[in-house]
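Data first, discussion second: the structure below is written as C-alpha cells.
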Amino acid sequence: MRALFLVTVLFLTLQLVSLRFSQLHVASGSPRWPFLNARRLTTTAYPFETTSSFYPVADADADNKTIAELCESFPKYLLQRIQPILKMGHGEPRSQIEAQLKTVSACFDSDELLLVFSDLDEVILGRHAIDILANLPERYHHDNPDFAPYNALQQMLDHTRQEGSTNQGILDPAVDPTAGKHGWKLDKYKFLAEVERAWLMRPGRDWYVFYETDTYILWDNMFRFLSTLDPAAPLYMGSPSPGRDGTWFANGGPGFVLSRGAMEKLLSHTAPPLTLRGLGMLKGDCCGDSVLGWMLWEAGVPISGYFPLFNTYPAHRIPFTERSWCQPVLTLHKSTPQDMLDLWRWEHRERKLGRPLLYSDLYEFRRVTKPGNAVRYDWDNTNYDRLAPGRDVPGDSVDACSRACEADPTCLQYLWRGKHAKQCVLMPFVTLGSPREDETETKQAATEAGEGEEPAAVTEVRGYSYTSGWMTARIRAWEMQHVCVTPDWVHPSVERHF
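Going letter by letter, the sequence shown gives residues -19 to -1, 1 to 479 in mature numbering (1 follows the signal peptide of the UniProt record, and there is no 0).
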C-alpha cells in the first residue's frame, strides 16, 4: 500500500509540473478568439525570474532628462563581461547613425565600452569608428569590384589630408559621391572581420553583442536574458533566417550574440584566419551574416533561434498576437531615427524591477486603439505574419471590407486596397502600420488584333489606394481579457519564424 501511495503521489506531481509548463502564461477572463487558440504554439516557455540591473529602474520624468542624466542609471559594470559591437557604414544616413548613438549606444560614452566598426576611420559624436576593412588581407581588394567604391572613398580621404586642405582629413558625408552606393556591397565583408577584431581587441568577454545602426536593443531585457545562460557554452543567438544547404543563420539586422564559448570554438584554432577562410564564400554570397552562420555551423556552433526576442520588424510593423503577447522583446530591426529616440525615452519610463518589458508593454508604445482612429486613409497596416497570415475576401468598397471584418470573429483589422485593385484583406492580428499614399503602376500591353492585323501597343495605368481599419472594441475587449502573469522566455527554435 505504501508503494502504491508513493506511485500515486509521484504521478500527480508530474501531472502538475507538466500542466505548469504547458499552460498559457496569461490570465484570461473569457474564451479566447478562435484563431488564437488554433495558432497558439505548443513549444515550452521558461518562466525565468529576473531582476533589473538599472538603478533607478525607471524614471517617470524621463522625457525631461538629458542623455547624461538618463545614463546615470545604466549598469556599466556589466560591460566588463558583455561587449557591444556596432557595425555601420560611412554612407549611411547621418540621422540614423546619430539616432543610434543618442539612444541604444548613448551610455557607452568611451571607446573602451563600445566598439564601432565601419568602412572609414572617423569620429562621430565623440565615438571612434574603426575602418574594419583597412587591415583585411590583400586578397579582398585584388580583382574585387565590390571594393572599387571603398578604394575611391580612401582616395578622397587622402586628398583631404593634403597640405592646404580645409577639411583636415574629415570626409563630409553630404558631399561624398559614393554615399549610399557602396554600403550594401561592402557590408557583407564586415561580418567575419568584426568577429575577429572584437575578439582581438576585447578577448575573453562572456558575451559579444553585434548590432547595426537601425537595431534597437532594450539593454535591460538583454542583460536579463544573458543572465539565464552559460557563456562557456558555444551559443550563437539571434533571429533565424534560412541559409546554405538547409542550415540557418542569425539575421544581422536585429542583432546577434556570440558567447565566449562560441568565439573560442570559432577562432581559437583556425589556420588560416577566419577572414581568409571565408573570402571565397563572401564573393559569391549576397550576405555576410549568412557566411558567418555557415562558418559557425561548420565549427560546431549552430544557431539558437530566438525569434521574436530578436525581432526582424520595426515597432510600427510588429504583428501583435497571443503567442508573443507575454514574451520579452530584446531587439527590433529597421527602426527609424524618430522611433529610436521615442523608444529610448519610453523604455526609461516603463522599465519594471521584477520582470522584463513584454510585447504587451510595447503595444502601448504605438497603441493602435486610440479614440477616433478606427479607420485611417492613406495608411497601410498589413504585415503578413507567417504564423497568422491575412486572407483576401470579396468586396467592392472600404465599407464592404469593414463589414466583412466585423462579420468574422477572428478579424481584428483590415486593409482596403482600392481603385484598380479592389482587394480586401482581413487580418487576425494587430499592427499599426505606416502612411502610404496613392500609387500608380504603368504597364505595357497589346490590343487584340483581328485577322491580318498587327496588335497595337498600349500603355495601361493602374492606380491603388490604401485604407486601414481596426475593430477597436474587439481589440480592447481582448486586451482586457489577457493580462500577462509571467514572462514567456521561449526556448530556441528555427521553426518559430524566419
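Don't be surprised by glycine CBs; every beta carbon is placed ideally from N, CA and C.
As the structure is a prediction and not an experimental result, all values here were calculated from the model.
Answer yes or no: do residue i and residue j have a C-beta to C-beta separation smaller than 9 Å?
i: F206; j: P337; result: yes
i: R326; j: A43; result: yes
i: I113; j: S99; result: yes
i: D469; j: S446; result: no
i: L106; j: E73; result: no
i: L199; j: L60; result: no
i: I66; j: L94; result: no
i: S415; j: V356; result: no
i: Y27; j: V471; result: yes
i: L247; j: L239; result: yes
i: C392; j: P409; result: yes
What are the boundary residues of the alpha helix (DSSP H) that residue i is part of?
i: P39; result: Before going on, a small fix: residue 39 reads as Ala here, not Pro. Note, A39: premise wrong, no alpha helix (DSSP H); not H, not E.
i: P212; result: Premise fails: P212 is in no alpha helix (DSSP H) and is neither H nor E.
i: K171; result: 171 to 182
i: V272; result: 269 to 279
i: D323; result: 318 to 331
i: A388; result: 379 to 388
i: H314; result: Element bounds for H314: n/a, residue is neither H nor E.
Taking the alpha carbon of residue i as the reference point, which residue from the options has its own alpha carbon closest?
i: I456; options: T302, I78, W278; result: T302
i: M276; options: G286, Y287, L263; result: L263
i: K424; options: F410, R443, M408; result: R443
i: G399; options: W360, E435, T391; result: W360
i: A110; options: F346, A129, L311, E175; result: E175
i: W165; options: Y358, Y131, L339; result: Y131
i: G274; options: Q77, R298, S220; result: S220
i: D127; options: P253, N362, C268; result: C268
i: E429; options: T421, E422, A438; result: A438
i: T293; options: G335, S341, G234, D342; result: G234
i: K171; options: A381, S271, T412, T421; result: S271
i: P184; options: G242, A454, T209; result: G242
i: E422; options: E441, F410, S415; result: E441
i: S474; options: R298, P223, S240, C465; result: P223
i: L82; options: R372, C52, L173; result: C52
i: K68; options: R178, Q135, F346, P300; result: R178
i: N354; options: S305, A381, W451; result: W451
i: C405; options: R417, V411, C386, T412; result: C386
i: V85; options: N364, C382, P370, E328; result: E328
i: residue 480; options: W397, D124, N202, N362; result: Absent from the model: residue 480. The displayed extent of the chain is -19 to 479, so no value can be given.
Alpha carbon to alpha carbon, how far is residue j from residue i? Give it in angstroms, no decimals.
i: D168; j: A49; result: 31 Å
i: P390; j: K57; result: 49 Å
i: E435; j: V374; result: 39 Å
i: L407; j: R384; result: 11 Å
i: M461; j: Q394; result: 18 Å
i: F2; j: T467; result: Legend: pLDDT at F2 = 38, less than 50; position of this residue unreliable, no value from coordinates given.
i: K333; j: V97; result: 30 Å
i: T47; j: F89; result: 15 Å
i: V104; j: R75; result: 12 Å
i: F29; j: T350; result: 31 Å
i: G62; j: P309; result: For clarity, residue 62 is Arg in the given sequence; the question names Gly instead. Those two C-alpha atoms are separated by around 22 Å.
i: G379; j: R348; result: Looking at the sequence itself, residue 379 is Val, so the reference to Gly does not match. Approximately 23 Å, taken between the alpha carbons.
i: V38; j: T209; result: 19 Å
i: Y189; j: G259; result: 20 Å
i: residue 487; j: M244; result: With the chain covering -19 to 479 only, the question about residue 487 has no answer from this structure.
i: P254; j: D323; result: 42 Å
i: residue 506; j: Y36; result: With the chain covering -19 to 479 only, the question about residue 506 has no answer from this structure.
i: L343; j: T31; result: 19 Å
i: L173; j: A458; result: 49 Å
i: F291; j: A41; result: 27 Å
i: A402; j: R298; result: 22 Å
i: L5; j: P289; result: Note that L5 scores a pLDDT of 37, beneath 50, so its modelled location is shaky; the value from the coordinates is reported in the next line. Whole-angstrom Cα-Cα distance: 17 Å.
i: L138; j: D102; result: 10 Å
i: R330; j: F55; result: 14 Å
i: Y340; j: N45; result: 25 Å
i: V411; j: A454; result: 13 Å
What residue range is occupied by the uninterrupted beta strand (DSSP E) comprising residue i?
i: R455; result: R455 -> not in any beta strand (DSSP E); alpha helix (DSSP H) instead, spanning 453 to 462.
i: A231; result: 229 to 231
i: Y189; result: 188 to 193
i: K400; result: 394 to 400
i: K68; result: 63 to 68
i: I111; result: 108 to 112
**Segment contact flag, the segment 193 to 200 with the segment 313 to 325, C-beta cutoff 8 Å, min 3 pairs** = yes
**Asked** Are the segment 280 to 295 and the segment 208 to 225 touching by the rule of at least three beta carbon pairs closer than 8 Å?
**Response** yes
**Message:** If contact is defined by three or more beta carbon pairs under 8 Å, each pair taking one atom from either stretch, is the segment 226 to 246 in contact with the segment 282 to 301?
**Reply:** yes
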